[in-house]
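Q: In UniProt numbering, the protein residues as written are 1 to 338.
Even for Gly, the Cβ is constructed at its ideal location relative to N, Cα and C.
Given the structure is predicted, the values throughout are model-derived calculations rather than measurements.
One structure is given below, represented as structure tokens, and several questions about it will come after.
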């Protein structure tokens, strides 16, 4: 009986051993479906295969098909080993695919093309257009302008004249004439005993200050300023600044107007402010019209010559009369009475 039981145990052990060997042999011969070549199932090698599949997904654009095959492989091979390999590949493949979708959309850049367009335009324009040289204005006939300053509707200053600036300064390399255009504008200010007139020019301005002295019953110009940026010579832009103060020019009685055919004012450094056909007045207008004319010295008649000529003629007449009387007396002395 003991021998029979011992034989039975040996037979069962032998059968179990045979079944185990047969099962292992079947595992070697019939591996599960996979993308990798047949090999003995080892858990570490399976995880290594999954990581390489993850690397292939991130690099190739057709990541959907490879992801599906990888999931089936994990499902078939991980029944008897670990379930962790099945869960970990799924989120990694999704994350890698979404990363691949977003990155290609942001890679193209268009900044280089727009930058080339904007920088090329000003370079060509700068080289084509040269800077023009300053030139004096064309010679024109001098014209009379009308320059006024008003307070409300009442005139305060009125100047009618043809004006020009003449420079003959070899030291400052300025020689020429600037003619004030007749259509130049004017403005200024008026107070009780002082008024200013400014003639606005494209190249600068000319200003005059009028002063009234009630005690002396006189109105005159007390200051003159000339400021010009003008090419008196071709290609040479000159900056002219001249000013005279504490002077008494164009003097006239209060409520009278000053008149002169031609007059030149020295501003210093061989610079002259020249007026022609001028008439001006400041303060005390009647119906916004010029008052009585006070002529300049050059236009006033000079009676000294006439007086001198008259005196000479009178002396000659006296000499002739005296000579006649003397000669007649000699004649009477030559005759004797009978």
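So the beta strand (DSSP E) residue 242 belongs to, where does it begin and stop?
A: Position 242 of the chain shown, counted from the start, is the residue given in the question as residue 242. Per DSSP, residue 242 belongs to the beta strand (DSSP E) from 236-253.
Q: Between the Cα of residue 188 and those of 206, 320, 179 and 215, spot the shortest distance and give me the residue it belongs to.
A: Here residue 188 refers to the residue found at position 188 of the chain shown. For residue 188, the nearest C-alpha among the options comes from 206.
Q: From the DSSP output, read off the bridge partner residues of residue 179.
A: Here residue 179 corresponds to residue number 179 of the chain shown, with the count starting at 1. Answer is 164, bridged to residue 179.
Q: Could you give the distance in angstroms between the alpha-carbon of residue 144 and the alpha-carbon of residue 164?
A: Within the chain shown, numbered from 1, the residue matching residue 144 stands at position 144. Within the chain shown, numbered from 1, the residue matching residue 164 stands at position 164. Answer to the nearest angstrom: the Cα atoms are 11 Å apart.
Q: With a 10 Å radius around its C-beta and 16 neighbouring C-beta atoms as the bar for buried, classify residue 13 as buried or exposed.
A: Here residue 13 is taken as the residue at index 13 of the chain shown, counted from 1. Under this definition residue 13 is an exposed residue.
Q: May I ask which residues mark the beginning and end of the beta strand (DSSP E) holding residue 277?
A: As a working mapping, residue 277 is identified with position 277 in the chain shown. From DSSP, the beta strand (DSSP E) with residue 277 extends over 271-282.
Q: The beta strand (DSSP E) that contains residue 189, what's its start and end?
A: Here residue 189 refers to the residue found at position 189 of the chain shown. First-last of the beta strand (DSSP E) with residue 189: 185-190.
Q: Here's the rule I'm using: 16 or more other beta-carbon atoms within 10 Å means buried, otherwise exposed. How should residue 196 be labelled?
A: Here residue 196 refers to the residue found at position 196 when the chain shown is read from its first residue. Label assigned to residue 196: buried.
Q: Contact between the stretch 234-245 and the stretch 276-289: three or more CB pairs below 8 Å?
A: Output reads no: the stretch 276-289 does not touch the stretch 234-245.
Q: In three-state terms, what does DSSP make of residue 18?
A: Start at 1 with the first residue of the chain shown, and residue 18 comes out as number 18. Correct three-state label for residue 18: helix.
Q: Looking only at C-alpha atoms, which of 244, 297 and 290 sits nearest to residue 263?
A: As a first step, residue 263 must be located in the chain shown, where it is residue number 263. Checking every option, the nearest Cα to that of residue 263 belongs to 297.
Q: Less than 9 Å separating the beta-carbons of residue 212 and residue 282?
A: Within the chain shown, residue 212 is the residue found at index 212, counting from 1. Within the chain shown, residue 282 is the residue found at index 282, counting from 1. The answer is yes: Cβ separation under 9 Å.
Q: With contact counted as at least three CB pairs below 8 Å, one residue from each stretch, are the stretch 284-293 and the stretch 301-309 in contact?
A: Contact fails: fewer than three Cβ-Cβ distances are below 8 Å.
Q: Can you confirm whether the stretch 169-182 touches the stretch 152-160 when touching is taken to mean that 3 or more C-beta pairs between the two stretches lie within less than 8 Å?
A: Verdict: no, contact absent.
Q: Identify the continuous beta strand (DSSP E) that holds residue 352 and give its terminal residues.
A: For residue 352 there is no data in the structure shown, the boundaries of the chain being 1 and 338.
Q: Can you give the Cα-Cα distance for residue 311 and residue 320, rounded to whole angstroms?
A: Working through the chain shown from its first residue, we reach residue 311 at position 311. Working through the chain shown from its first residue, we reach residue 320 at position 320. Looking at the two C-alpha atoms, the distance is approximately 14 Å.
Q: Is it buried or exposed for residue 221, if we count other Cβ within 10 angstroms and need 16 for buried?
A: Translated into the one-based positions of the chain shown, residue 221 becomes position 221. Classification of residue 221: buried, given that the 10 Å Cβ count is 16 or more.
Q: What is the DSSP secondary structure of residue 312, reduced to helix, strand or coil?
A: Position 312 of the chain shown, counted from the first residue, corresponds to residue 312. Residue state, collapsed to three classes: helix.
Q: My parser needs the alpha helix (DSSP H) runs of 4 or more residues fully inside the stretch 193-242; what are they?
A: Fully enclosed alpha helix (DSSP H) runs of 4 or longer: not present.
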